[in-house]
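Remarks on the structure that follows.
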Amino acid sequence: MSGAASAEKPGEIHVTTRTGKHRLSVEWAVTPAEREHGLMGREKMAQNHGMLFDFGSEQQLYFWMKNTPLSLDMIFIKADGRTSRIEHNATPFSEALIPGGEPARYVLELVGGSADRLALAPGDRFSIPKH
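With this note's numbering applied, the sequence shown corresponds to residues 989 to 1119, in that order.
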């Protein structure tokens, strides 16, 4: 269930890490169809841009990289904006399930290596506006 949400739902989120506050542009994946398609087929994506999957409430989440040619970092985020888990550099095209660990509401997919570049760590807080 990696992530192309409709371009009608662009947005901006912020995260504070040990290196400061970072602004990220996101495409929202909210509907089941958007979440199912995700970034499948996407061959490139800008730095500080990603896809934010919103599941509406915290739940056990599993992602995969089926039909996704980009290596991605997956950041699992609690309803309160706290980062709970980070999957670094997920393998393109892999159908292996990637567990979120504890229940999460959101998953942010960024180009592989972004989490390290931004110094993201579990516990870091995202500011996610209602959409």
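For glycine and all other residues, C-beta sits at the position ideal for the given N, C-alpha and C.
Bounding residues of the alpha helix (DSSP H) (the contiguous stretch that carries residue i)
| i | result |
| --- | --- |
| R1006 | R1006 -> no alpha helix (DSSP H), and no H or E assigned at all. |
| E1024 | P1020 to H1025 |
| S1059 | Per DSSP, S1059 belongs to no alpha helix (DSSP H) and is neither H nor E. |
| D1104 | S1102 to R1105 |
Alpha-carbon spacing of residue i relative to residue j, whole angstroms
| i | j | result |
| --- | --- | --- |
| A1092 | A1017 | 15 Å |
| K1120 | R1030 | This structure cannot settle anything about residue 1120, because the visible part of the chain is limited to 989 through 1119. |
| K1054 | E1083 | 5 Å |
| G1026 | F1041 | 8 Å |
| E1046 | K1066 | 7 Å |
| G1100 | H1076 | 7 Å |
| E1024 | G1088 | 16 Å |
| P1080 | K1118 | 31 Å |
| D1112 | P1057 | 28 Å |
| A1107 | P1020 | 31 Å |
| T1007 | G999 | 22 Å |
| R1070 | E1022 | 23 Å |
| F1114 | I1001 | 7 Å |
| I1116 | K1032 | 24 Å |
Anticipated Cβ contact below 8 Å, residue i with residue j, distance rounded
| i | j | result |
| --- | --- | --- |
| E1097 | M1039 | 5 Å |
| I1063 | V1095 | 7 Å |
Selected residue, minimal CA-CA separation from residue i, among the options
| i | options | result |
| --- | --- | --- |
| A1078 | R1070, A1067, S1059 and R1023 | S1059 |
| R1105 | T1056, T1005, T1071 and F1114 | T1005 |
| S1072 | A1109, A1034, S1115 and G999 | A1109 |
| H1037 | L1085, I1086, E1090 and V1003 | V1003 |
| L1049 | A1103, I1074, F1114 and I1116 | I1074 |
| F1051 | Q1035, F1114 and I1086 | I1086 |
| Q1035 | F1043, L1012 and D1068 | L1012 |
| A1103 | M1033, D1061 and E1090 | D1061 |
Boundaries of the beta strand (DSSP E) in which residue i is found, first to last residue
| i | result |
| --- | --- |
| T1071 | T1071 to A1078 |
| E1097 | A1092 to V1099 |
| L1040 | H1037 to Q1047 |
| R1113 | R1113 to S1115 |
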